[in-house]
Amino acid sequence: MTRSSVVVLALVVLSACSHSSTGPGTTSLTVKATDPSGDTYGNLAVQWDLTGLTLTRDTGGIDFAIDFTSSVQSPVSGDSDAVYGEIDFDTDQSITTGTTSFVDVFGPGSTGMGVDYVLDLFDYTPDSLVPVLRYNANDSTYSTVYSFRPMFSGKRISGRIPRSALGNDDGFLNAAIVVGTLREPTDIAPNSGHLKVGGTAPAPPVGRVAAEALREAHSRRAAKWTSRW
Ligand SMILES: [Ca+2]
Ligand SMILES: [Ca+2]
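So that you can map any letter, position 39 of the sequence shown is 39 in my numbering, and since no number is skipped, the others follow by simple counting.
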């Protein structure tokens, strides 16, 4: 399937309030990757179809909103056709650090990201908490660094990740998402490249050595997901 181009809208919101009691950091940056309807690529009956991924960065962290063509269902329901997936974050906006994105494993492989943190929308606790995982390059493992409860409302899944859960990153980062059921992946966003939240340098092209190193480092987790998908 030919994937169409991605519209990326960037909006800088500057608060006019100079006497806010909520403290510093009223400057926020919102970036959205819109995704076409009807571009799912799975084979089964239930096809979660993304329409967009929106990230809002402020000095305290990242707000995310994942939008779909239909009302979302949490995996806490126990239904294997609920919404599963992950948002991958390249917090230093460098493909040379981190590991391969699952958006590349289950998509066309064009994100250009080296993934440093993952919002894992597979591993829900019974009380609806999901983990944020840090990738450890020294031993190719993942550590849970934060847990929170995402909101399921209408056609949207949303939540907030504090910067402390992203290694105290400045919040300027690259991101991409893959979703599906527990049975198979069904959609990614953006369809090519990644969603860029601020920063200055474009992602460098993937060198052959770097790509091979990333592929090897990624193998353990890939095996884990392949057993699911
Ligand atoms: Ca879509
Ligand atoms: Ca990286």
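Here a beta-carbon is modelled for each residue, glycine too, at the ideal position from N, C-alpha and C.
Between ligand 1 and the CB of G38, the shortest heavy atom gap is smaller than 8 Å. Non-local beta-carbon contacts of D67 in its own chain, meaning distances under 8 Å to residues more than five positions away in sequence, involve L50, T51, G52, L53, T54, K155 and R156 in chain order.
In this structure, the beta-carbon distance from G107 to P185 falls below 9 Å.
Approximately 26 Å separates the beta-carbon atoms of S158 and A45; this is outside 8 Å, ruling out the contact. Between Y117 and V145, the C-beta gap is smaller than 9 Å, which places the two residues in contact. Of D58, T181, K196 and I188, the smallest CA-CA separation from D79 is found for T181. For L173, the Cβ stays outside the 8 Å cut-off from all heavy atoms of ligand 1. The continuous alpha helix (DSSP H) containing D104 extends over residues F102 to V105.
Only residues of its own chain outside the window of five on either side were considered, and among them G114 have a CB closer than 7 Å to the CB of S94, listed in chain order.
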